[in-house]
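See below for the structure under consideration.
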Amino acid sequence: MLRRSQIDELRTAVGADGLITGNNQLQTYECDALTNFRIMPDAVVLPRTAGQTQAVVRLCARDKIPFVSRGAGTGLSGGALPAAGGIVISLARMNRILDVDLANRQVVVEPGVINAHVTQRVAARGYFYAPDPSSQSVCTIGGNVAENAGGAHCLKYGFTTTHVLALDVVLPSGELMQLGAPTLDAPGYDLAGVFVGSEGTLGVATKIALRIVKRPEVVQTLLAAFDSIQVAGQTVSDVIASPMLPSAMEIMDELSIQAAEAAVHAHYPACKALLLVELDGPCSEVEELMRAVKELCRNNGASEIRVAQSEQERALVWKGRKAAFAAMGRISPNYIVQDGVIPRTALPLLLDEIERLATAAGLRVANVFHAGDGNLHPLVLYDRAVAGQEEKAVELSYRILRLCVDHGGSITGEHGVGREKQEALGYMFAEPDLATMQLVRCAFDPENIANPDKVFPRPRLCAEKPGPYTPHPLETAGIAEIF
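Following our numbering, the numbering of the sequence shown begins with 4 at its first residue and continues without gaps.
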């Protein structure tokens, strides 16, 4: 519990209108988009400047107060879950685009800038910011940096880390330093790369230099309907094996199609699985590659193939895809969003396995995912009002993650580990790997006050000596042993 003197110091640092201590208002910050975990913070501060942020973190460092930085709260792994007895540093008011440098293809922003606003600022000059998570109309750049967010177009253009050149960061000690550089290949350790994706455990970003890219001459989006999701997955493997690189490839199964149609009326064809393929580049190249994609779809038995005929039609196609997660509430009262990654060649096999596991658990799983880079987003549907069903859903979701690891994949592609996947991280990495990661964390945050008790599968202190470790059963047991 924060002392009155500490509350007064926070008020001095950010102003009376930048401090929240009332229980009703604090409830807004007790979780992120993963609502299964909830912790009420002792206070929330809303700094407007890097100086105010630094003053808050210095107080935390002095008194060893845990803090969690937060953007829009759209995270899906509990990464912005408050720490018990700590504060939340909300960066929502640091929302200015500070500089647009088209000559060097850079935009400098504060962490509270909404993702989509970056592209909106430069679109008239023929540029865009490539990382485009489904929540891009509300999620912030600071949160994208914390989770190394991707999106549909990361297949060709890369994740957030590809587009972050430099950051101003307040370290957990309260020091302000710059990581990275505006140049594309700075000497020395890639500390900016270490910070991106660190889930708020290494400090608070207060200024971010982003790389923007030139909009291609032509963009075309194809929809192909299939009689099974396995065949749609095979088509993805065939496209990747061919000499082309689409800008995006997405798969939606029948459940996700139904939900998206009910929400935004995207006019998707009725089918078991829908494949979206987007190509961009010079006109002649896109035309040739589109012919090749159509042929691969036909060879795999596509029942319908269409290409968006206007920018409005293309935007509606993507509106349906990006609405799929939120739209699930129309067909299920509750659901868990998972985020495993698999080798693309394993797509047909893994989709078969997920279907089998769901049937055995007596639950439905909707699949909507970044098929091009093997980033699955299975949505496990359940009803919390039915006794025992939530527990079954959680078990199934973890089982899917371990299945991904067993086939050479990962427990997360863009949502992060946060609180939700801590034990699963121990299933993926051995203890020496985790200990090495902890050395990095301790170098930035020796007092363990920056987003503590996240990511790693057990509490770890920087002062503890490596020794024998008895892992949690979920970290090591095979799928059959647990379920």
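We treat Cβ as the ideally placed atom computed from N, Cα and C, and that holds for glycine.
- Under the three-state reduction of DSSP, Arg402 is assigned to helix.
- Inter-residue distance for Gln392 and Asn39 is about 14 Å (C-alpha atoms, whole angstroms).
- Its chain contains Lys275 and Ala276 as the residues whose beta carbon lies nearer than 8 Å to that of Ser231, once the 5 sequence neighbours on both sides are disregarded; these appear in chain order.
- DSSP links Asp256 through a beta bridge to Ala276.
- With a minimum length of 4 residues, the unbroken runs of alpha helix (DSSP H) contained wholly in the stretch 178 to 239 fall at 194 to 198.
- Val112: not part of any alpha helix (DSSP H); member of the beta strand (DSSP E) spanning Gln109 to Val112, first to last residue.
- If you draw a straight line from the Cα of Ala106 to the Cα of Val216, it comes to about 11 Å.
- In terms of Cβ geometry, Ile68 and Val48 do not form a close pair [threshold 9 Å].
- In the DSSP assignment, Leu319 falls within the unbroken alpha helix (DSSP H) covering Glu314 to Lys325.
- Taking Ser335 as the centre and dropping the five residues before and after it, the same chain places the C-beta of Leu384 closer than 6 Å to its C-beta, in chain order.
- Judged by pairs of C-beta atoms under 8 Å, the stretch 242 to 251 touches the stretch 278 to 297, as three or more such pairs exist.
- Secondary structure of Leu350 (DSSP, three-state): helix.
- Under the DSSP assignment, Ile308 falls outside any alpha helix (DSSP H), being part of the beta strand (DSSP E) whose first and last residues are Glu307 to Val310.
- Comparing alpha carbon positions, the residue from Ala388, Leu382, Ser413 and Gly78 closest to Glu398 is Leu382.
- For Gly365 and Pro272, the gap between their C-alpha atoms comes out near 27 Å.
- Looking at the DSSP output, Phe131 bridges to Val216.
- Under a 10 Å Cβ-count criterion, Asp342 is classified as buried, with 16 or more other Cβ atoms of the shown protein chains found around its own Cβ.
- Inter-segment contact for the stretch 114 to 132 and the stretch 5 to 18 is absent: fewer than three beta-carbon pairs are separated by less than 8 Å.
- Setting aside the 5 residues that flank it on each side, Gly177 is surrounded in the same chain by Gln57, Val60, Arg61 and Ala64, each with a C-beta closer than 7 Å to its C-beta; the list follows chain order.
- Beta-bridge analysis with DSSP links Val103 to Val110.
- For Ala95, the CB contacts under 6 Å within the same chain, skipping 5 residues up- and downstream, are Gly115 in chain order.
- Annotated as distal: Asp456 and Pro175, with beta-carbon spacing of 9 Å or more.
- In the three-state reduction of the DSSP assignment, Asp45 falls in the coil class.
- Within its own chain, the residues whose Cβ lies closer than 8 Å to the Cβ of Pro44, once the five positions on either side in sequence are excluded, are Leu29, Tyr32, Glu33, Val71, Pro85, Ala86, Gly89, Ile90 and Val91, listed in chain order.
- Here the stretch 154 to 165 makes contact with the stretch 193 to 207; the two share three or more CB pairs at distances below 8 Å.
- For Leu170, the enclosing beta strand (DSSP E) stretches over residues Val167 to Val173.
- Nearest to Glu264 by alpha-carbon distance, out of Ala329, Tyr130 and Leu213, is Ala329.
- Each residue's CA atom was taken as its position, placing Phe459 and Tyr401 some 16 Å apart.
- C-alpha of Met97 to C-alpha of Ala374: approximately 34 Å in a straight line.
- The Cβ-Cβ distance between Gly183 and Leu170 falls below 9 Å.
- Inclusion of Val267 and Leu319 in the CB contact set at 9 Å is warranted, their separation being smaller than that value.
- Of Leu179, Val344 and Pro50, the smallest CA-CA separation from Val17 is found for Pro50.
- When DSSP states are grouped into helix, strand and coil, Arg6 belongs to the coil group.
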